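S.K.: Numbering-wise, the sequence shown is residues 1456 to 1998 according to our numbering.
We put the CB at the ideal spot given by N, CA and C, even for glycine.
On a predicted model such as this, the values are computed, not experimentally measured, just so you know.
Let me begin by handing over the structure; questions about it come next.
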Amino acid sequence: MVDGASGQASSKLPSDATSQSVEAGENEQKLPRWQKWSMFGRWLGRDEQSSSLDSKPDNDGPRPSLGRRLSRIVVPGLPRPATFRRQNSERRERLSPVDPSVDERRTVSVDRRRTLSARPALLPTSAISKLPASEGPTPDDGSSSDLPTKPGGDHDTSPEKEHSRDPPPPRPSPPPPEAAPDEDRASEASVQDKVADQLALELEVKWILNLSMRFRDHTPREKFFVTYAEQPNRWRRVTISCDYRDAPADSLENDLQSLNSQREKSERIYESIHASVPEIHFFDTVTNLKLETKDDRLHVHVTEDINEIIPYPPIHAVKHLKCAMYSESEVEFDSHLSGFVYKVKVDGLVCIKKEIPGPDSVEEFLYEINALHALTGANNVIEFQALIVDEDRKVVKGLLISLAEYGALVDLLFEMKDCLVWATRERWAKQIVQGLAEIHEAGFVQGDFTLSNIVVNNREEAKIIDINRRGCPVGWEPPEITKLIASSQRISMYIGVKSDLFQLGMVLWALAEGNDEPESQPRPTDWPPRTSSRYFPPWTITT
């Protein structure tokens, strides 16, 4: 994902490490720069930002923080090595992912559904077409030659008359009208709205929150994992470290600590440092930004995040697959779906890009590549498309799979549980069972068989994704693995066919009940007669 990264454990500092003690003033002093940043809309075909933003349903609610006036001075520092103490304190085993709340998950679901398709209640489907760039007429600047003219009889323009008299002296131009105070306020509000709209757009396409983690020692610290898209085909991995201990009252850290949503925290961070981001020299691997407020200045300490450098698998590890390969520069960003999963375009084809989440997920990533390639042609497993490699074609950076326009089954059950007819649920259940059978017959294990890893395409067919035996979320684990999780053991070695079958039962129960959170149900799960009577004969039901 990082442009030109080779996956090695060390990298040299950026060559252009000039002085970066640049002070970013108040927000109103940065308005001209914001106006120049409309290029971000252009490289996504969104020149007309207003139509792009207005075309989306307003499900996110107001964002009062976007475009607000900031008085903090941002001071980005020179790239430098991180101390060993800090590297050790931020190792992955000392962190735990922040699980999104129900409301946050719903918000992400709405955004993902909006990005993928406009889905009716399982009537004839139609995917959302990408909004084209505005091609309307250019505003009239008064220089057009098509303006109506007066008839020739109104003024005598014969040569004799022109020479017989001198032209009248020009009238002095009237003084410009004084702007009313209300107009000034309206103009200022309009500019602020444009800044807020531009910032909201960049939060969609340039500053993407992939993951957030907290420290297992319960200290008030957080780490955010972000993708910074400099260009649609040039992405950088960035981590942001925030320490809330002894945070000044009027500081960014104190603001972040008061927010509950991880998404809002990421937005507030970008809102505070966006003007200085172009002045930061990023590493080719993973760049860490440590935010610290001192003397009413927000200091951005730039270091290489050694803990998050991914040892990308060499290309010879997948040469036996004989599959298509694309370099990172050939992949064009479209939108973020979730985690490290994106909707992209390659050679005009819209598909899904999956990246390696972290340095501890390389083996699972290779497992998924081999499984999907071996299952090419399977009816109910997502279709493998190609691999993504670095520009030198030495390491594998990601994989491409086909697009499922209707998205994840968990979102469908939440949004449409009252609309899903029984015949549709039954058809999906058969396809899910068939897909899992195809995986097992090929010698693989799904390993994380949840509602989030079953998707539906535009033909209303259920497909299984994420065949990586990475583990499962809390609540989806089989009873025999519960004690292993409680003792903080990695359960990937214990994942097998039996755990897949246990989770299959949970999936089928959720599908029958229209429940998108079977993991929150007490065990053993009830099977209400009102549901079972639809499918099973009465004599087979025991109470």
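#1: Just to check, is the beta-carbon of A1826 closer than 7 Å to a non-hydrogen atom of the ligand SAM?
#2: Three or more beta-carbon pairs under 8 Å between the segment 1962–1974 and the segment 1860–1874, yes or no?
#3: Along the chain, which unbroken stretches of the beta strand (DSSP E) at least 3 residues long are found entirely within the segment 1813–1885?
#4: Where do the ends of the alpha helix (DSSP H) carrying S1721 lie?
#5: So what does DSSP say about P1809, is it helix, strand or coil?
#6: I'd like to check one pair, S1947 with R1924: are the Cβ atoms closer than 8 Å?
#7: Do G1930 and V1757 have their C-beta atoms closer together than 8 Å?
#8: How big is the Cα-Cα spacing for R1882 and T1748?
#9: Quick one: grab the DSSP three-state call for Q1904.
#10: Counting only the same chain and skipping the five closest in sequence on each side, list residues whose C-beta sits under 7 Å from that of E1846.
#11: Quick check on A1576: does DSSP put it in helix, strand or coil?
#12: Could you spell out the range, first to last residue, of the beta strand (DSSP E) harbouring M1948?
#13: Can you find the residues in the same chain that come closer than 7 Å, C-beta to C-beta, to Q1886, ignoring five residues on each side of it along the sequence?
#14: So L1999 and L1854 are in contact, right, with Cβ under 8 Å, and what is the actual spacing, rounded?
#15: If the criterion is Cβ atoms closer than 8 Å, does the pair A1444 and V1796 meet it?
#16: Are E1763 and F1738 close, meaning C-beta to C-beta below 8 Å?
#17: Starting from I1528, follow its DSSP beta bridges and name the residues at the other end.
#18: Return the bridge partner residues of M1668 from the DSSP annotation.
#19: Taking buried to mean at least 16 other C-beta atoms within 10 Å of its own C-beta, is E1932 buried or exposed?
#20: Once you ignore the five residues that flank Q1490 on each side, which residues in its own chain have a CB closer than 7 Å to its CB?
#21: Using a Cβ-Cβ cutoff of less than 7 Å, which residues in the same chain neighbour K1800 once the five nearest sequence positions on both sides are dropped?
#22: Using the beta-carbon count (16 or more within 10 Å), is D1750 buried or exposed?
#23: May I ask you to report which of helix, strand or coil DSSP gives A1655?
#24: Do V1553 and S1667 have their beta-carbon atoms positioned less than 8 Å apart in this structure?
#25: Do V1741 and R1692 have their beta-carbon atoms positioned less than 8 Å apart in this structure?
#26: Under a Cβ-count criterion, where at least 16 other Cβ atoms within 10 Å of its own Cβ denotes burial, should D1903 be classed as buried or exposed?
#27: Out of E1708, A1702 and K1720, state which residue places its alpha-carbon closest to the alpha-carbon of F1679.
#28: Short of 6 Å in beta carbon distance, which residues of its chain neighbour R1676, apart from the five on each side in sequence? Order them along the chain.
#29: Are the CB atoms of K1798 and L1804 within a distance shorter than 8 Å?
#30: Along the chain, where does the alpha helix (DSSP H) containing T1937 start, and where does it finish?
#31: CB-CB under 6 Å to M1961, same chain, minus the five flanking residues each way: which ones, in chain order?
#32: Alpha helix (DSSP H) containing R1978: first to last residue?
#33: With burial defined as no fewer than 16 other Cβ atoms inside 10 Å of the residue's Cβ, what is the status of V1773: buried or exposed?
#34: On a CA-only basis, which of R1723, D1672 and L1906 is nearest L1654? Give me that one, please.
#35: Just the C-alpha distance for K1745 and I1919, rounded to the nearest angstrom, thanks.
#36: Any idea if E1935 is buried or exposed, counting beta-carbon neighbours within 10 angstroms, 16 or more meaning buried?
M.R.: So, from the listed chains and residues:
#1: Ligands displayed in this structure: none; no statement on the ligand SAM is therefore possible.
#2: Because the criterion of three Cβ pairs below 8 Å is met, the segment 1962–1974 and the segment 1860–1874 touch.
#3: Here the runs fully enclosed are 1839–1844 and 1851–1856.
#4: Looking at the DSSP string, the run of the alpha helix (DSSP H) that includes S1721 is Q1717 to I1728.
#5: The sequence as given places Lys at residue 1809; Pro does not occur at that position. It is a strand residue.
#6: The Cβ-Cβ distance between R1924 and S1947 falls below 8 Å.
#7: At a Cβ-Cβ threshold of 8 Å, G1930 and V1757 do not count as neighbours.
#8: About 57 Å.
#9: Checking the displayed sequence, the identity of residue 1904 turns out to be Phe instead of Gln. DSSP places F1904 in coil when its eight states are reduced to three.
#10: Excluding the 5 residues flanking it on each side, E1846 has same chain C-beta neighbours closer than 7 Å at G1459, S1782, E1783 and S1784, in chain order.
#11: Unreliable positioning characterises A1576 in this predicted model, as indicated by a pLDDT of 43, which lies under 50. The coordinate reading is nonetheless provided below. Coil.
#12: It is not in any beta strand (DSSP E) - M1948 carries neither H nor E in the DSSP assignment.
#13: Taken in chain order, the residues that qualify are N1835, E1916 and A1917.
#14: Limits of the chain in this structure are 1456 at one end and 1998 at the other, which puts residue 1999 out of reach.
#15: Coverage of the chain is limited to positions 1456 through 1998, which leaves residue 1444 absent and any answer about it impossible.
#16: No; because the gap between Cβ atoms is not below 8 Å, this pair is not in contact.
#17: For I1528, which the question treats as bridged, DSSP gives the partners R1752.
#18: For M1668, which the question treats as bridged, DSSP gives the partners P1552 and K1678.
#19: Per the 10 Å Cβ criterion, buried.
#20: Note that Q1490 scores 40 on pLDDT, short of 50, meaning its location in the model is unreliable; the coordinates nonetheless yield the value given after this. In its own chain, leaving out the 5 sequence neighbours on each side, no residue places its CB closer than 7 Å to the CB of Q1490.
#21: Around K1800: E1787 and D1789.
#22: Under this definition D1750 is an exposed residue.
#23: Looking at A1655 - three-state DSSP - the assignment turns out to be helix.
#24: In this structure, V1553 lies closer than 8 Å to S1667 by Cβ.
#25: Inclusion of R1692 and V1741 in the CB contact set at 8 Å is warranted, their separation being smaller than that value.
#26: For D1903, the number of other beta carbons within 10 angstroms of its own is at least 16, and it is reported as buried.
#27: It is K1720 whose Cα lies nearest to the Cα of F1679.
#28: Contacts found: F1670 and D1698.
#29: A distance of 8 Å or more separates the beta carbons of L1804 and K1798.
#30: It spans T1937 to A1941 - the alpha helix (DSSP H) in which T1937 sits, taken as one unbroken run.
#31: Taken in chain order, the residues that qualify are P1973.
#32: Unbroken run through R1978: none, as it is neither H nor E.
#33: The residue is buried, with at least 16 neighbouring Cβ atoms inside 10 Å.
#34: It is R1723 whose Cα lies nearest to the Cα of L1654.
#35: Straight-line Cα distance between these residues: approximately 39 Å.
#36: Burial call: exposed.
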